[in-house]
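Only one structure is covered here, and it is reproduced in the block below.
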Amino acid sequence: MQTLIGYVRSGQPDLTNRQMALLMIVYMTPGPHTVRGLAQTLGVSKPVITRALNTLGTLGYLRRVRDEADRRNVFVAKTSIGQEFLERFERNIEQQDGVGRRAPKERGILLQH
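All letters in the sequence shown, in the order written, are residues -15 to 97 by the working numbering.
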């Protein structure tokens, strides 16, 4: 509970669960990431992913990159702003809950990317 309160008080943009899940998938799992692949992973339609990407793109957290080998394909890529957002989010969780209670895979997840 305190983690969520801390997040709200931080002044960071409010993201939906879907947007946060999308952001974390892109940053925590190997790419390349496509709209189709992200839709399959989350079990939602491509338009749902597109709407979430529009918001995350406006915030500067993710960006779309056209595949040079096949211009029809568009990849979803990380940004430094998105990296900073997730690092702040991670620090907030650590301050509220303590790193020790997190699963080993979740500890320092952003440092490896």
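No residue lacks a Cβ here, since even glycine has one placed at the ideal position from N, Cα and C.
Asked	Found
Own chain, CB closer than 7 Å to Ala36, minus 5 neighbours either side, in chain order	Arg2, Gln3 and Leu6
Rounded C-alpha distance that separates Gly15 from Asn38	19 Å
Proximal residues to Ala23 (C-beta, below 8 Å), its chain only, five neighbours per side dropped	Ser29, Lys30, Val32 and Ile33
Inter-residue spacing [alpha-carbon to alpha-carbon] between Arg46 and Gln67	The residue asked about is misnamed: residue 46 is Leu in this sequence, not Arg. Distance between the alpha carbons of Leu46 and Gln67: 9 Å.
Close-in-space but distant-in-sequence residues of the same chain around Thr18 (CB under 8 Å, 5 per side omitted)	Asn57, Val58, Phe59 and Val60
N-terminal and C-terminal residue of the alpha helix (DSSP H) that Ala53 is part of	Premise fails: Ala53 is in no alpha helix (DSSP H) and is neither H nor E.
Bridge partners - Val60, DSSP secondary structure assignment	His17 and Arg48
Local conformation of Val(-8) per DSSP, three classes	helix
Pick from Val(-8), Glu71, Arg75 and Gln79 that is closest to Tyr11, judged by C-alpha positions	Glu71
Close Cβ partners of Thr13 (< 7 Å) along its chain, the five nearest in sequence each way excluded	none
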